[in-house]
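Trainee: Dumping the structure here so I can ask a few things about it.
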Amino acid sequence: MACYREKRVQMMMSFHGNTVRKFPFYFICSFLCLLLLRPLSVAAMPEEVTLALNREQPVLALHILRSWSAVSESSEDRAKALWMEARIHSFYFKDFSAAEVVLDRALEKYPGTRIQGDIRFEKAVLAMERGDKERAFQAFAEFVSLFPDHPRRESAGAFWRYLKGEEPLLMGGDGIRVALSAASNRVQLIGKELRIRDMVTGNYLFSGDKVVLQLGNDGSLRLNGRVTGQPLMVEKSGEFFTLDGCRQRGTLRVSGAGGRLLLVNMLDMESYLKGVVPAEMPPFWPAEALKAQAVAARTYALHHMRERAYEAYDVKSDVRSQVFSTEREDARSSAAVEATRGEVLVWAGQAALTAFHADSGGFTESAEILWGGELPYLRAVSDPWSRNTPNDFWECSFTERELVQFLPELRNLGRILEIRLEGKTPSGRVHFLIFKGSRGDLRMPAGRFRTRVGPMTLKSTDFTLRHERGAFHFQGKGFGHGVGMSQWGARRMAEAGKSYREILDFYYPHLHRGKME
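See below:
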């Protein structure tokens, strides 16, 4: 078991915080280099490149990139390879001249590729790194003009305004960015003295109590029907505003992404948690279980803030991250958040990945088995606290027709004659399903199958299967992926008199306690 030593941990947040600090230009350049040269999730980048860089082997990474580019027939891939090569020259070798030569080659040879914006952004950053403020200013200004819908337009605008001397860069702070779900590309905001500004130019475009924002089919953002730049920042003077009738705290960043409205709610961590804990665990459950949930949710959020610091948001507001709803705030769960204010769980000096689920069914799952990558604090362990729960037994059935609706690729197999279960994880969960068809077979990970047919119906991958009367019948136990803390187990431990720290100690061994600052 972990000995929960008190450990103060300083966590630096990204540009989206609220605290303003002025830094010398050389420091900002160094920080930018570290920030911007982290391998991004551009499609098709070889995994071996990331592995080589993680092992501090930049020469090997360059070799892999060049080999990949040589065999690829895609101009997109070749442009990405040059872009990444330039980043390696700049960050690892501090050879800014070589980096610029590579970027110029990418611009010249692959002018129509989708990564042109990233390449131009990189050139602007290089100018800043070399201390050429005038050239950097011009490059960022051109980027803002040429790429009005690029994800980095906001950052480019911030650097541009900094170089103009209009405002300092925003660094630090303790806010979290939550991507809210939008039912459509049109939303209505209502609040006291709403103010909306263009985050690139800094100009205020609207002031009032009610506004409609809409994303057009052409990707343009409209404010009360008028086309504006993006992203926009929505500010308020009151405590709340409503988004399509739902109450929200903090501020809201609005932009278009992939043909959809991207609504990012920015608020402080503790306010965020007051909307997470009651959405993830019933607020009438024991106080110690709620406290354990608060610490797990805070740590999970902080982990993703670090992992996604260079993305458009940190977490989603649904089950893909943590369910978040300001409407569901409750005094009992809010008290649990306050009682554990700032407390997180730490592994190797960083916020741990404190996954949790509804019910382990009596045995938690290993993160390595489910997601890959060894995490010593997320291993499969016997969980007697999660036995004799409402999820101890469940069953569901699917006809062949229903399975084909959920899994269209099954059509290629002809008639589904049989489904076999292949392999068991150390916790007893199913590894793979083998679909045996009249025209072929298909092998699918059990976790993916559960996601496709509906995780609320097929509650876990700890199941048995039988085929009779034209349907496939599943019987199982537990609810959720099984990794980390079982919420039902936490409830049972709290009912038995265990403290929230004992609960966390049981489900997350080898971790230390830390404090957000």
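Heads up, the sequence shown is in our numbering, so the first residue is 1 and it goes up one at a time.
From the three backbone atoms N, C-alpha and C, an ideal C-beta is built for every residue, glycine too.
(1) What do you reckon, are the CB atoms on ARG452 and LEU407 nearer than 9 angstroms?
(2) Would ALA331 be called buried (16 or more neighbouring beta carbons within 10 Å of its own) or exposed?
(3) If you compare alpha carbons, which of LEU53, LEU370, ARG105 and PRO376 is closest to SER460?
(4) Assuming GLN293 is part of the alpha helix (DSSP H), what are its boundary residues?
(5) Could you spell out where the beta strand (DSSP E) holding THR228 opens and where it closes?
(6) To the nearest angstrom, report how far apart LEU345 and LEU302 are at their CA atoms.
(7) Assign ASP505 to one of two classes, buried (16 or more other C-beta atoms within 10 Å of its C-beta) or exposed (fewer than that).
(8) Helix, strand or coil for MET266, going by three-state DSSP, please let me know.
(9) Would you check if the distance between the CB atom of MET233 and the CB atom of VAL254 is smaller than 9 angstroms?
(10) For GLY444, report the span of its beta strand (DSSP E) as first-last.
(11) Between which two residues does the beta strand (DSSP E) harbouring LYS515 extend?
(12) Would ALA182 and ARG260 be called neighbours here (beta carbons separated by less than 9 angstroms)?
(13) With 16 as the cutoff for other CB atoms within 10 Å, does PRO390 come out buried or exposed?
(14) For GLU365, is the classification buried or exposed, using 16 other Cβ atoms within 10 angstroms of its Cβ as the cut-off for buried?
(15) For ASP95, which residues in the same chain have their Cβ closer than 7 angstroms to its Cβ, ignoring the five residues on either side in sequence?
(16) In this structure, how does DSSP classify PHE25 when only helix, strand and coil are distinguished?
(17) ILE119 and LEU82 - do their beta-carbons sit closer together than 9 angstroms?
(18) By a C-beta neighbour count over all protein chains shown, 10 Å radius and 16 as the cutoff for buried, is LEU126 buried or exposed?
(19) May I ask you to report which of helix, strand or coil DSSP gives ASP198?
(20) Hey, could you find the ends of the alpha helix (DSSP H) LYS80 is sitting in?
(21) What does the Cβ neighbour count give for GLY191, buried or exposed, with the cut at 16 atoms within 10 Å?
(22) My output table needs one value for CYS33: the three-state DSSP class, helix, strand or coil.
(23) Within its chain, find whatever has a CB closer than 7 angstroms to the CB of GLY256; leave out the 5 residues flanking it on each side and keep chain order.
(24) Using the beta-carbon count (16 or more within 10 Å), is TYR204 buried or exposed?
(25) Does the Cβ-Cβ distance between GLY361 and GLY482 come in under 9 angstroms?
(26) Hey, could you find the ends of the beta strand (DSSP E) VAL102 is sitting in?
(27) Bridge partners for ASP359 per DSSP, in chain order?
(28) CB-CB under 8 angstroms to GLU100, same chain, minus the five flanking residues each way: which ones, in chain order?
(29) Could you check which residue in THR251, PHE363, GLU402 and ARG469 has the C-alpha nearest to that of ASP525?
(30) Would ILE176 and TYR272 qualify as a contact pair, given that the criterion is a beta-carbon distance under 9 angstroms?
(31) Give me, in chain order, the residues of the same chain whose beta-carbon lies closer than 7 angstroms to that of LEU65; leave out the 5 immediate sequence neighbours on both sides.
(32) Tell me whether GLN188 is buried or exposed, calling it buried when 16 or more other Cβ atoms sit within 10 Å of its Cβ.
(33) By the DSSP assignment, the beta strand (DSSP E) with MET233 in it spans what residues?
(34) Could you pull the start and end residues of the beta strand (DSSP E) that GLU468 belongs to?
(35) Once you ignore the five residues that flank GLY117 on each side, which residues in its own chain have a CB closer than 6 angstroms to its CB?
(36) What residues in its chain sit with their C-beta under 6 angstroms from that of GLU522, if we drop five residues either side in the sequence?
Mentor: In short, the structure shows the following:
(1) The count along the sequence shown starts at 1 and reaches residue 452 at position 452. The count along the sequence shown starts at 1 and reaches residue 407 at position 407. Result yes, Cβ atoms of ARG452 and LEU407 sit closer than 9 angstroms.
(2) Position 331 of the sequence shown, counting from 1, holds the residue named residue 331. Classified as exposed, ALA331 has fewer than 16 neighbouring CB atoms from the shown chains inside 10 Å of its CB.
(3) In the sequence shown, the residue the question calls residue 460 occupies position 460. Per the Cα distances, LEU370.
(4) If you number the sequence shown from 1, residue 293 lands on position 293. GLN293 -> alpha helix (DSSP H) spans 287 to 307.
(5) Along the sequence shown, read from residue 1 onward, the residue named residue 228 stands at position 228. 226 to 228 is the span of the beta strand (DSSP E), which, as asked, contains THR228.
(6) As a position in the sequence shown, residue 345 is number 345, starting the count at 1. As a position in the sequence shown, residue 302 is number 302, starting the count at 1. Per the coordinates, the alpha-carbon of LEU345 lies some 10 angstroms from the alpha-carbon of LEU302.
(7) Mapped onto the sequence shown, residue 505 falls at position 505. Under this definition ASP505 is a buried residue.
(8) Within the sequence shown, the letter at position 266 stands for residue 266. Strand.
(9) Here residue 233 corresponds to residue number 233 of the sequence shown, with the count starting at 1. Here residue 254 corresponds to residue number 254 of the sequence shown, with the count starting at 1. Cβ atoms of MET233 and VAL254: closer than 9 angstroms.
(10) Sequence index remark: in the sequence shown, residue 444 carries index 444 (1-based). Contrary to the premise, residue 444 reads as Met rather than Gly in this sequence. Under the DSSP assignment, MET444 falls in the beta strand (DSSP E) whose first and last residues are 441 to 445.
(11) Reading the sequence shown from its first residue, position 515 is the one you call residue 515. Start and end: 512 to 515.
(12) Taking the sequence shown and counting its residues from 1, one reaches residue 182 at position 182. Taking the sequence shown and counting its residues from 1, one reaches residue 260 at position 260. Yes. Within cutoff.
(13) Numbered from its first residue, the sequence shown carries residue 390 at position 390. The residue in question, PRO390, is exposed, as its Cβ has fewer than 16 Cβ neighbours within 10 Å.
(14) Here the question's residue 365 lines up with position 365 in the sequence shown. It is buried - the Cβ of GLU365 has at least 16 other Cβ atoms within 10 Å.
(15) Position 95 of the sequence shown, counted from the start, is the residue given in the question as residue 95. The residues are HIS89.
(16) For this step, residue 25 is matched to residue 25 along the sequence shown. Caution applies to PHE25, whose pLDDT of 44 falls short of 50 and renders its modelled position unreliable; the value that the coordinates give is listed next. DSSP places PHE25 in helix when its eight states are reduced to three.
(17) Here residue 82 corresponds to residue number 82 of the sequence shown, with the count starting at 1. Here residue 119 corresponds to residue number 119 of the sequence shown, with the count starting at 1. Yes, they are a contact pair.
(18) Position 126 of the sequence shown, counted from the start, is the residue given in the question as residue 126. It is buried - the Cβ of LEU126 has at least 16 other Cβ atoms within 10 Å.
(19) Reading the sequence shown from its first residue, position 198 is the one you call residue 198. Strand, per DSSP.
(20) As a first step, residue 80 must be located in the sequence shown, where it is residue number 80. From DSSP, the alpha helix (DSSP H) with LYS80 extends over 75 to 91.
(21) The count along the sequence shown starts at 1 and reaches residue 191 at position 191. So GLY191 ends up on the buried side.
(22) Translated into the one-based positions of the sequence shown, residue 33 becomes position 33. Any reading at CYS33 needs caution, since the residue's pLDDT is 40, under 50, leaving its predicted position unreliable; the model's value is listed next. Note: CYS33 maps to helix in three-state DSSP.
(23) Here residue 256 is taken as the residue at index 256 of the sequence shown, counted from 1. Closer than 7 angstroms at Cβ, skipping near neighbours: ASP149, LEU215, GLY219, LEU221, GLN230 and LEU262.
(24) Along the sequence shown, read from residue 1 onward, the residue named residue 204 stands at position 204. By the 10 Å Cβ count, TYR204 comes out exposed.
(25) In the sequence shown, the residue the question calls residue 361 occupies position 361. In the sequence shown, the residue the question calls residue 482 occupies position 482. Yes.
(26) The residue labelled residue 102 in the question sits at position 102 within the sequence shown. In this chain, VAL102 is not harboured by any beta strand (DSSP E); it is covered by the alpha helix (DSSP H) spanning 96 to 109.
(27) Within the sequence shown, numbered from 1, the residue matching residue 359 stands at position 359. DSSP lists PHE479 as partners of ASP359.
(28) For the purposes of this step, residue 100 is taken as residue 100 along the sequence shown, with counting starting at 1. Taken in chain order, the residues that qualify are ALA86, LYS123 and LEU126.
(29) Residue 525 falls outside the range modelled here, since the chain spans only 1 to 517, and no answer is possible.
(30) The residue you call residue 176 lines up with position 176 of the sequence shown. The residue you call residue 272 lines up with position 272 of the sequence shown. Yes, Cβ-Cβ distance for ILE176 and TYR272 is below 9 angstroms.
(31) Within the sequence shown, the letter at position 65 stands for residue 65. Cβ neighbours of LEU65 beyond the five flanking positions: VAL49, ALA81, MET84 and GLU85.
(32) Within the sequence shown, residue 188 is the residue found at index 188, counting from 1. GLN188 sits exposed, since fewer than 16 C-beta atoms from the chains shown fall within 10 Å of its C-beta.
(33) Counting from 1 along the sequence shown, the entry for residue 233 is found at position 233. Its beta strand (DSSP E) spans residues 232 to 235.
(34) As a first step, residue 468 must be located in the sequence shown, where it is residue number 468. Note, GLU468: beta strand (DSSP E), 463 to 468.
(35) Taking the first residue of the sequence shown as 1, we reach residue 117 at position 117. So the qualifying residues of the chain are PHE147 and HIS150.
(36) Beyond the ends of the chain as shown, which are 1 and 517, falls residue 522; an answer cannot be given.
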